[in-house]
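Asks: In the working numbering, the protein residues as written are 0 to 486.
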Ligand SMILES: [Zn+2]
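Here it is in structure tokens:
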């Protein structure tokens, strides 16, 4: 356990081992250009920050939201008319839905709220504010002074010639667009550059108060120095040859004379049945949605997997109950199998007392005894059943009338079987005993178990199959079962 009470995984301990003494600044940078889904990156950084905190290191953990970045493409769900804002900082583009102060805030705020709900000790910094308050002033000055060296590094990495008038600094021109511009003059004493815009007009931009930004590849290295970064995780798209970490490493060493921060390369997450997460394809799982079906620590565990250096396929359908059961077993959580809890949640609605008595009858005394936790767990289970559960897990106990209609489709053998079960079933029986009874009664009457259970599921749920019948039936009020079995 770290100081925060969140378990520190082994891999994070190993990363922290390699980072040496602090003080440490752990950073993760994400652009709010659309729905923010890469929680894995933030969680990798958090795990390392916690590993460092656990050894008594001083740690600043920063989420660098790239709010000054220009809008480059229109996110799914945003009107195509937003193309008119291409080149404008995300912090200056209007909210497409009109509910927040800007385009950036619209996507950033829900993510920030999810981090708060997870009780993450993280500072969310907005890059437009960092530029406006002068955090980037010194590194911008250095970058502009070393334009030639930076250009050479980019050319060598990309194998392409950079434009003749390339500048590491993108000034904001009068209309508001951030553009690559031909910089004519640098006036360090005034923190300003004079540049020629696309239309041939000369303008000046003051880089100490947000009148522009560094190009993103240069900014990556400059950010390490400006914030004193000692660790940053990266997805594999950044760390390929010639990728942004390649150029940033050289810029950091050769131009900014700043030691390259510790690194961890994490692999992608894909969603079973949908493919790799991608905000441009609209394949995303948002933290706020995931927190509706599981507690924060389960979400940490799910997103990180055993080892975030490995690709992970998330299964929120059939595989989810098993994931929750494993999580609960390892963390001393609820002893009720998640499938059963989903069943209970769907049977009783929001009635926590009814759920508690169902659980008691099923032998889950401890879970029944903590109503507050039970209410929360039922909410997770109910939301999962509604949003994600496979059809076979979506159930509702049939009303007596519907049950009688379902019974009309059974043959004589099946009806006699249900009657025989009704005679023997008792309120004191637990789930296993009921399961045994259902099975042995079928065998004793020469009825195939499959056909027998189809009758059971038919009159209870209106289906031919369903959750394990014994525990489900043991959890129901006996008179409800008897009424439906007497057909
Ligand atoms: Zn909004």
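No residue lacks a Cβ here, since even glycine has one placed at the ideal position from N, Cα and C.
Straight-line CA distance for residue 425 to residue 48?
Replies: So the two alpha carbons sit approximately 55 Å from each other.
Asks: Helix, strand or coil for residue 63 per DSSP?
Replies: Looking at residue 63 - three-state DSSP - the assignment turns out to be strand.
Asks: Just to check my reading of the structure: residue 181 and residue 204 have Cβ atoms closer than 8 Å, yes? What is that Cβ distance to the nearest angstrom?
Replies: Going by Cβ atoms, the distance from residue 181 to residue 204 rounds to 13 Å, so no, they are not a contact pair.
Asks: Do the CB positions of residue 457 and residue 400 come within less than 8 Å of each other?
Replies: Against a cut-off of 8 Å, the Cβ pair of residue 400 and residue 457 comes out as no contact.
Asks: Per DSSP, which one or two residues make a beta bridge with residue 274?
Replies: 270, per the DSSP bridge assignment.
Asks: In the structure shown, what three-state DSSP assignment does residue 29 receive?
Replies: Correct three-state label for residue 29: strand.
Asks: For residue 0, I'd like the list of residues in its chain whose CB is within less than 8 Å of its CB, leaving aside the five on either flank, ordered along the chain.
Replies: With a pLDDT of 47 at residue 0, under the threshold of 50, the modelled position of that residue is not reliable, and the figure given next carries that caveat. So the list reads 6, 7, 53, once near-sequence residues are dropped.
Asks: Since residue 253 contacts residue 317 with CB under 8 Å, what's their CB separation in whole angstroms?
Replies: Residue 253 to residue 317, Cβ: 52 Å. No contact.
Asks: Roughly how far, in whole angstroms, is the beta-carbon of residue 298 from the beta-carbon of residue 290, given that I think they are within contact range, below 8 Å?
Replies: With a Cβ gap of about 6 Å, residue 298 and residue 290 count as contacting.
Asks: Looking only at DSSP bridge pairs, what is residue 381 linked to?
Replies: Answer by DSSP bridge pairing: none, since residue 381 is not bridged.
Asks: For ligand 1, enumerate in chain order all residues having a CB closer than 7 Å to any of its heavy atoms.
Replies: Chain-ordered list of matching residues: 94, 96, 97, 98, 99, 104, 105.
Asks: In angstroms, rounded to a whole number, what distance separates the CA positions of residue 394 and residue 421?
Replies: Near 22 Å, if we compare the C-alpha coordinates of residue 421 and residue 394.
Asks: For the region 131-139 and the region 55-65, state whether three or more C-beta atom pairs, one from each stretch, are separated by less than 8 Å.
Replies: Because the criterion of three Cβ pairs below 8 Å is not met, the region 131-139 and the region 55-65 do not touch.
Asks: Give the single residue among 350, 28, 453 whose Cα lies nearest to the Cα of residue 416.
Replies: Checked all of 350, 28, 453; the closest Cα to residue 416 is 453.
Asks: Three or more beta-carbon pairs under 8 Å between the region 102-109 and the region 86-94, yes or no?
Replies: The answer is yes - the region 86-94 touches the region 102-109, with three or more Cβ pairs under 8 Å.
Asks: Less than 7 Å between C-beta atoms, sequence neighbours within five positions excluded: which residues of the same chain meet that for residue 332?
Replies: Result list for residue 332: 326, in chain order.
Asks: Take the Cβ of residue 468 as the centre, count every other Cβ of all protein chains shown within 10 Å, and call the residue buried at 16 or more, exposed below.
Replies: Residue 468 comes out buried.
Asks: Going by beta carbon distance, what residues of the same chain come within less than 6 Å of residue 429, once the five residues before and after it are set aside?
Replies: Taken in chain order, the residues that qualify are 362, 473.
Asks: Taking the C-alpha atoms as reference points, what is the distance between residue 521 and residue 115?
Replies: Here the chain comprises residues numbered 0 to 486, so residue 521 is not present and cannot be evaluated.
Asks: Figure out for me which residue from 391, 413, 438, 441 has the closest Cα to the Cα of residue 460.
Replies: The shortest C-alpha separation from residue 460 is found at 391.
Asks: Where in the region 102-133 do unbroken runs of the alpha helix (DSSP H), each at least 4 residues long, occur, reported from the N-terminal end onward?
Replies: Here the runs fully enclosed are 102-116, 126-131.
Asks: Beta-carbon of residue 190 versus every beta-carbon of chain D: anything under 8 Å?
Replies: No chain D is present in this structure, which holds just one protein chain.
Asks: What residues are listed by DSSP as bridge partners for residue 261?
Replies: Bridge partners of residue 261: 230.
Asks: Using DSSP with H/G/I as helix, E/B as strand and the rest coil, what is residue 548?
Replies: Residue 548 is absent from the structure shown; the chain starts at 0 and stops at 486.
Asks: Between which two residues does the alpha helix (DSSP H) holding residue 457 run?
Replies: Note, residue 457: alpha helix (DSSP H), 448-460.
Asks: Helix, strand or coil: which one does DSSP assign to residue 190?
Replies: Of the three classes helix, strand and coil, the one that applies to residue 190 here is coil, per DSSP.
Asks: Give a yes or no on whether the C-beta atoms belonging to residue 543 and residue 224 are separated by under 8 Å.
Replies: Nothing can be reported for residue 543: it is not among the residues displayed for the chain, which extend from 0 to 486.
Asks: For residue 207, which residues in the same chain have their Cβ closer than 6 Å to its Cβ, ignoring the five residues on either side in sequence?
Replies: Answer for residue 207: 133, 136, 190, listed in chain order.
Asks: Can you name, in chain order, every residue of its own chain whose Cβ lies under 6 Å from the Cβ of residue 377, other than the five neighbours on each side?
Replies: Correct list, in chain order: 344, 354.
Asks: Can you check whether the CB of residue 35 is closer than 8 Å to the CB of residue 84?
Replies: No, Cβ-Cβ distance for residue 84 and residue 35 is not below 8 Å.
Asks: Alpha helix (DSSP H) containing residue 477: first to last residue?
Replies: Counting along the chain, the alpha helix (DSSP H) containing residue 477 begins and ends at 477-484.
Asks: How would you write the range of the alpha helix (DSSP H) that residue 148 sits in, first residue to last?
Replies: From DSSP, the alpha helix (DSSP H) with residue 148 extends over 146-157.
Asks: Could you give the DSSP three-state label for residue 18: helix, strand or coil?
Replies: DSSP places residue 18 in coil when its eight states are reduced to three.
Asks: Smallest Cα separation from residue 29: which of 13, 68, 46, 12?
Replies: It is 68.
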